[in-house]
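Residues 2 to 375 in this note's numbering are what the sequence shown lists, from first letter to last. In this text, a Cβ means the ideal position worked out from N, Cα and C, and glycines have one as well. As structure tokens, the structure follows; a few thoughts come after it.
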Amino acid sequence: MLGVYIHIPFCQKKCRYCDFPSYGGVSYFFSNYVKALCREIVYAAGAGETVDTIYLGGGTPSLLTARQVESILCAVRNHFSVNSSAEITIEANPNNITDTYIQDLRSIGVNRFSLGVQSFSDEQLQRLGRMHTAEEGKHAVMTIWEGGISNISADLMFGLPGQSVADVYTDLRILTQLPITHASIYSLIVEDHTLLWDDIRHQRVFLPDEREEEAMAALVHENMAAEGFEHYEISSYCLPGFRSRHNSKYWQYSPYLGFGVSAHSFYQNKRFANIANIPEYIHKAGVSSVVETSVSIESRRAAEDYCILALRMCDGIDYEKFHILFSTTVETEFGDIIERLFAQQLLVPTPSGCRLSKLGFSYGNYVFEQFIRD
Numbered sequence: 002m003l004g005v006y007i008h009i010p011f012c013q014k015k016c017r018y019c020d021f022p023s024y025g026g027v028s029y030f031f032s033n034y035v036k037a038l039c040r041e042i043v044y045a046a047g048a049g050e051t052v053d054t055i056y057l058g059g060g061t062p063s064l065l066t067a068r069q070v071e072s073i074l075c076a077v078r079n080h081f082s083v084n085s086s087a088e089i090t091i092e093a094n095p096n097n098i099t100d101t102y103i104q105d106l107r108s109i110g111v112n113r114f115s116l117g118v119q120s121f122s123d124e125q126l127q128r129l130g131r132m133h134t135a136e137e138g139k140h141a142v143m144t145i146w147e148g149g150i151s152n153i154s155a156d157l158m159f160g161l162p163g164q165s166v167a168d169v170y171t172d173l174r175i176l177t178q179l180p181i182t183h184a185s186i187y188s189l190i191v192e193d194h195t196l197l198w199d200d201i202r203h204q205r206v207f208l209p210d211e212r213e214e215e216a217m218a219a220l221v222h223e224n225m226a227a228e229g230f231e232h233y234e235i236s237s238y239c240l241p242g243f244r245s246r247h248n249s250k251y252w253q254y255s256p257y258l259g260f261g262v263s264a265h266s267f268y269q270n271k272r273f274a275n276i277a278n279i280p281e282y283i284h285k286a287g288v289s290s291v292v293e294t295s296v297s298i299e300s301r302r303a304a305e306d307y308c309i310l311a312l313r314m315c316d317g318i319d320y321e322k323f324h325i326l327f328s329t330t331v332e333t334e335f336g337d338i339i340e341r342l343f344a345q346q347l348l349v350p351t352p353s354g355c356r357l358s359k360l361g362f363s364y365g366n367y368v369f370e371q372f373i374r375d
């Protein structure tokens with residue numbers, strides 16, 4: 002079944018660490034952008050295909066009104082066959098959450114929230130350029146839960162400037178006491194030319210050292226496991242039965258279509274990406290193609306992609322699925338690489354194939370690079 006991703010690129014303001022395709026302070030685009038989205042969906046490939054996940058990401062999709070979200074979902078439902086049990090997720094910032102908004106979104110079919118909490122420290126939130134307070138983060142989770150939506154994911158970051166291992170422990174204790182079903186917990190990556198990058202470059206703030214960050218990562222794994230959360234992907238934890246069905250499509254080599262500026266798709270063995278300019282997108286959507294790049298994935302590259310994406314998940318590489326997808330075996334294509342990674346204790350065998358070891362999770366990027374053949 003097909004996944005649908007909707008990109009909403011707008012933010013109240015851009016966070017200090019963000020280099021995603023998002024734009025702050027451009028609310029005058031909202032109405033025309035939503036109309037353009039609906040036009041793009043109407044003329045998309047895959048008409049009539051069954052869709053079992055819809056994900057509104059950004060940016061900050063919760064800046065849209067419930068009526069605007071409804072018009073997007075209606076366009077998806079009119080063009081595709083949306084499964085009655087589809088997972089429909091919207092990303093939201095805590096300061097956008099109200100009782101009325103939750104009820105309105107729930108009434109149009111939204112059944113999962115992904116909340117950008119990031120930290121429960123007001124000092125850290127200010128340093129990151131977030132718009133909400135720690136108390137608003139906690140209150141937003143409770144408001145969503147009390148509003149009848151029980152499938153709630155929260156984002157949390159560690160490795161922040163000035164952060165200690167004890168600070169991470171405090172964040173985790175607060176997080177796991179809230180009624181969440183899923184958490185994305187990841188180390189801060191400082192992207193070049195962001196405001197935070199400039200702070201670090203000029204030594205206005207300092208990051209934890211490598212040993213501290215390793216201790217933070219270990220603490221995350223231990224605490225989430227102790228609270229009953231399954232570590233099912235490098236940065237993802239969930240209670241039993243609450244994996245992100247949409248994000249799992251990316252890691253399981255399943256097809257998805259992306260709509261909106263800079264949205265990416267993987268469909269019929271092609272990867273394509275939309276144009277990044279909002280006015281150009283609004284002008285072209287539904288009239289001419291908004292695809293900027295399109296690449297057919299040849300089998301050798303596709304096999305590499307599958308292994309790298311599969312290893313992000315704790316299930317790892319499924320040898321039988323690999324054979325079905327590529328009409329060859331993992332042993333034939335990557336046997337020497339996998340044996341070497343076994344010897345380095347970075348991979349371990351599973352009943353269906355292999356996966357990252359505990360050590361391998363700490364050196365994931367190194368492992369992934371081994372599967373890229375010249």
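* **Pick from G59, G361, S353 and S185 that is closest to A344, judged by C-alpha positions** => Mapped onto the sequence shown, residue 344 falls at position 343. Minimum Cα distance to A344 is reached at G361.
* Could you say if the stretch 147-154 and the stretch 214-226 meet the contact criterion of at least three C-beta pairs nearer than 8 Å? => no
* To do: Look at the Cβ atom of I279, then the Cβ atom of Y34, and state whether they are nearer than 8 Å.
  => Taking the first residue of the sequence shown as 1, we reach residue 279 at position 278. Taking the first residue of the sequence shown as 1, we reach residue 34 at position 33. Cβ distance < 8 Å, so I279 and Y34 count as in contact.
* Asked: If you draw a straight line from the alpha carbon of E281 to that of S32, how long is it in whole angstroms?
  -> As a working mapping, residue 281 is identified with position 280 in the sequence shown. As a working mapping, residue 32 is identified with position 31 in the sequence shown. Their backbone Cα atoms lie some 15 Å apart in a straight line.
* To do: Tell me V292's beta-bridge partners as DSSP assigns them.
  => By 1-based counting over the sequence shown, the position of residue 292 is 291. Answer is N275.
* Asked: What is the rounded straight-line gap between the Cα of D105 and the Cα of Q125?
  -> Reading the sequence shown from its first residue, position 104 is the one you call residue 105. Reading the sequence shown from its first residue, position 124 is the one you call residue 125. Each residue's alpha carbon lies about 32 Å from the other.
* **Terminal residues of the beta strand (DSSP E) in which D156 lies** => Position 155 of the sequence shown holds residue 156. Element bounds for D156: I153 to F159.
* Starting from R257, trace the alpha helix (DSSP H) both ways and give me its first and last residue. => Residue mapping note: residue 257 aligns to position 256 of the sequence shown, counting from 1. Note on residue identity: the sequence assigns Tyr, not Arg, to residue 257. Boundaries around Y257 are those of the beta strand (DSSP E), Y257 to F260, since no alpha helix (DSSP H) includes it.
* **Which listed residue (D319, R174, R244 and L189) has its alpha carbon closest to that of Q164** => In the sequence shown, counting from the first residue as 1, residue 164 sits at position 163. Nearest option by C-alpha distance: L189.
* Reduced DSSP category for T51 - H, G, I as helix; E, B as strand; rest coil -> By one-based count along the sequence shown, residue 51 stands at place 50. If DSSP states are grouped into helix, strand and coil, T51 belongs with the strands.
* Asked: Just how far apart, CA to CA, sit P62 and H8?
  -> Taking the first residue of the sequence shown as 1, we reach residue 62 at position 61. Taking the first residue of the sequence shown as 1, we reach residue 8 at position 7. Those two C-alpha atoms are separated by around 8 Å.
* Selection from L38, L173, I201 and K359 that minimises the alpha carbon distance to H80 -> Mapped onto the sequence shown, residue 80 falls at position 79. Selection L38, L173, I201 and K359 evaluated against H80 yields L38 as nearest (Cα-Cα).
* To do: Throw me the rounded Cβ distance for the G287 and R40 pair, which I believe falls under 8 Å.
  => If you number the sequence shown from 1, residue 287 lands on position 286. If you number the sequence shown from 1, residue 40 lands on position 39. Confirmed, Cβ separation roughly 3 Å.
* To do: Would you mind stating whether L208 and G160 have Cβ atoms separated by less than 8 Å?
  => On the sequence shown, position 207 is the one that residue 208 refers to. On the sequence shown, position 159 is the one that residue 160 refers to. In this structure, L208 places its C-beta atom within 8 Å of the C-beta atom of G160.
* Name the DSSP bridge partner or partners of V404? -> The question about residue 404 has no answer, for the chain in this structure spans 2 to 375.
* Asked: What beta strand (DSSP E) runs, 3 residues minimum, are completely inside the stretch 106-146?
  -> Counting whole runs of 3 or more residues, the stretch 106-146 contains the beta strand (DSSP E) stretches 113-119.
* Short check: CB of E88 to CB of H247, under 8 Å? -> Numbered from 1 along the sequence shown, position 87 holds the residue referred to as residue 88. Numbered from 1 along the sequence shown, position 246 holds the residue referred to as residue 247. For E88 and H247, yes; Cβs fall inside 8 Å.
* Asked: Can you name the start and end residues of the alpha helix (DSSP H) that E332 belongs to?
  -> Walking along the sequence shown from the start, residue 332 turns up at place 331. V331 to A344 is the span of the alpha helix (DSSP H), which, as asked, contains E332.
* Hey, quick one: how far does the beta strand (DSSP E) through V83 stretch, first residue to last? -> To locate residue 83, count along the sequence shown from 1; it is residue 82. Here the beta strand (DSSP E) through V83 covers S82 to A93.
* To do: Go through its chain and collect everything with a Cβ distance to G110's Cβ below 7 Å, but skip five positions before and after it.
  => In the sequence shown, the residue the question calls residue 110 occupies position 109. Excluding positions up to five away in sequence, the list reads L74 and I89.
* **Reduced DSSP secondary structure (H/G/I, E/B, other) of C39** => Within the sequence shown, numbered from 1, the residue matching residue 39 stands at position 38. Helix at C39.
* For the alpha helix (DSSP H) that T177 lies in, which residues bound it at each end? -> Position 176 of the sequence shown holds residue 177. From DSSP, the alpha helix (DSSP H) with T177 extends over V166 to T177.
* Under 8 Å between the Cβ atoms of N270 and A227? -> Working through the sequence shown from its first residue, we reach residue 270 at position 269. Working through the sequence shown from its first residue, we reach residue 227 at position 226. For N270 and A227, no; Cβs fall outside 8 Å.
* **CA nearest to the CA of N112, picked from A141, Q69 and T54** => Within the sequence shown, the letter at position 111 stands for residue 112. It is T54.
* Name the two residues that bound the continuous beta strand (DSSP E) containing R356. => The residue you call residue 356 lines up with position 355 of the sequence shown. Element bounds for R356: G354 to L357.
* Candidates A167, M143, T144 and G138: which alpha carbon is nearest L157's? -> Here the question's residue 157 lines up with position 156 in the sequence shown. Per the Cα distances, G138.
* So what's T182 in DSSP terms, helix, strand or just coil? -> Counting from one through the sequence shown, the residue named residue 182 turns up at place 181. If DSSP states are grouped into helix, strand and coil, T182 belongs with coil.
* **CA nearest to the CA of E321, picked from C308, S353 and E334** => Looking up residue 321 in the sequence shown gives position 320. Out of C308, S353 and E334, S353 has the C-alpha closest to the C-alpha of E321.
* **Spatial distance of M132 from V331 (CA atoms)** => As a working mapping, residue 132 is identified with position 131 in the sequence shown. As a working mapping, residue 331 is identified with position 330 in the sequence shown. Taking the straight line joining both Cα atoms gives about 47 Å.
* **Cβ-based neighbour list, Q13, same chain, cut-off 6 Å, excluding 5 preceding and 5 following** => In the sequence shown, counting from the first residue as 1, residue 13 sits at position 12. Same-chain partners within the cutoff: M132.
* Check whether the Cβ atoms of V77 and V70 lie closer than 8 Å to each other. => Walking along the sequence shown from the start, residue 77 turns up at place 76. Walking along the sequence shown from the start, residue 70 turns up at place 69. Their beta carbons are not under 8 Å apart, which means V77 does not touch V70 by this criterion.
* So, using beta-carbon positions, are I145 and I103 closer together than 8 Å? -> As a first step, residue 145 must be located in the sequence shown, where it is residue number 144. As a first step, residue 103 must be located in the sequence shown, where it is residue number 102. Result yes, Cβ atoms of I145 and I103 sit closer than 8 Å.
* Nonlocal neighbours in the same chain, by C-beta distance under 7 Å from P1, ignoring five residues either side -> The displayed coordinates of the chain run from 2 to 375. Any statement about residue 1 would go beyond what the structure contains.
* To do: Would you mind stating whether Y233 and C315 have Cβ atoms separated by less than 8 Å?
  => Along the sequence shown, read from residue 1 onward, the residue named residue 233 stands at position 232. Along the sequence shown, read from residue 1 onward, the residue named residue 315 stands at position 314. Cβ atoms of Y233 and C315: closer than 8 Å.
* To do: State buried or exposed for V206, treating a residue as buried only when at least 16 other CB atoms are found within 10 Å of its CB.
  => The residue labelled residue 206 in the question sits at position 205 within the sequence shown. It counts as exposed.
* Taking the CB atoms as reference points, tell me whether P180 and V221 lie closer together than 8 Å. => Numbered from 1 along the sequence shown, position 179 holds the residue referred to as residue 180. Numbered from 1 along the sequence shown, position 220 holds the residue referred to as residue 221. Not in contact: P180 and V221 (Cβ atoms no closer than 8 Å).
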